[in-house]
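Visitor: Structure in structure tokens, see below.
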């Protein structure tokens with residue numbers, strides 16, 4: 535079962551229209567595990583209002599849940615697409631075209647943070663081309 539968790543920070547969740555708590559995500563993962571179902575969790579980072587602390591909390595949460603899931607969580611960089619509510623929010627807030635993916639954190643620092651986590655948890659950072667393939671019939 536795939537879960538588009540995307541964020542655990544309350545402000546990010548509010549802007550994305552997510553209405554669940556980290557506790558509910560944990561409970562859902564446990565529910566899947568108890569039934570021998572694979573829970574695949576998707577997370578995003580790179581919002582302009584994130585801080586080093588919010589990124590660290592997200593990565594810690596991913597690490598915690600990775601022990602409970604059969605499939606490592608996926609971490610992606612947020613992409614704002616034309617015509618979406620998120621694009622409208624970005625335009626209203628003036629976040630489009632600022633040049634840095636995360637306000638207050640230079641790109642070099644963001645890459646350092648991610649590189650440290652990539653070394654610690656390489657499965658979080660698999661690219662699509664590296665993703666293991668399974669035939670639906672084999673499951």
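Numbering (my numbering), first residue to last: 535 to 673.
Think of the CB as a built atom: it goes at the ideal place given N, C-alpha and C, for glycine as much as any other residue.
(1) What residue range is occupied by the uninterrupted beta strand (DSSP E) comprising residue 536?
(2) Could you have a look at residue 615 and say whether DSSP puts it in helix, strand or coil?
(3) Give me the Cα-Cα distance between residue 566 and residue 620, rounded to the nearest whole angstrom.
(4) Within a Cβ cutoff of 6 Å, which residues of the same chain sit near residue 630, ignoring the five residues on either side of it in sequence?
(5) Whole angstroms are fine: how far does the CA of residue 569 sit from the CA of residue 632?
(6) With distances taken Cα to Cα, identify the nearest neighbour of residue 622 among 543, 550, 544, 538.
(7) Among 609, 553, 580, which residue has its Cα nearest to the Cα of residue 511?
Guide: Straight from the coordinates:
(1) Within the chain shown, the letter at position 2 stands for residue 536. First-last of the beta strand (DSSP E) with residue 536: 536-540.
(2) Locating residue 615 in the chain shown gives position 81, where the first residue counts as 1. Residue state, collapsed to three classes: coil.
(3) Numbered from its first residue, the chain shown carries residue 566 at position 32. Numbered from its first residue, the chain shown carries residue 620 at position 86. Whole-angstrom Cα-Cα distance: 30 Å.
(4) Indexing the chain shown from 1 puts residue 630 at position 96. Excluding residues within five positions, the ones whose Cβ falls inside 6 Å are 624.
(5) What you label residue 632 is simply residue 98 of the chain shown in a count that begins at 1. What you label residue 569 is simply residue 35 of the chain shown in a count that begins at 1. Unreliable positioning characterises residue 632 in this predicted model, as indicated by a pLDDT of 48, which lies under 50. The coordinate reading is nonetheless provided below. Between residue 632 and residue 569, the C-alpha separation is close to 46 Å.
(6) To locate residue 622, count along the chain shown from 1; it is residue 88. Of the candidates 543, 550, 544, 538, the one whose C-alpha sits nearest the C-alpha of residue 622 is 550.
(7) Residue 511 lies beyond the residue range present for the chain, which begins at 535 and ends at 673; the question has no answer from this structure.
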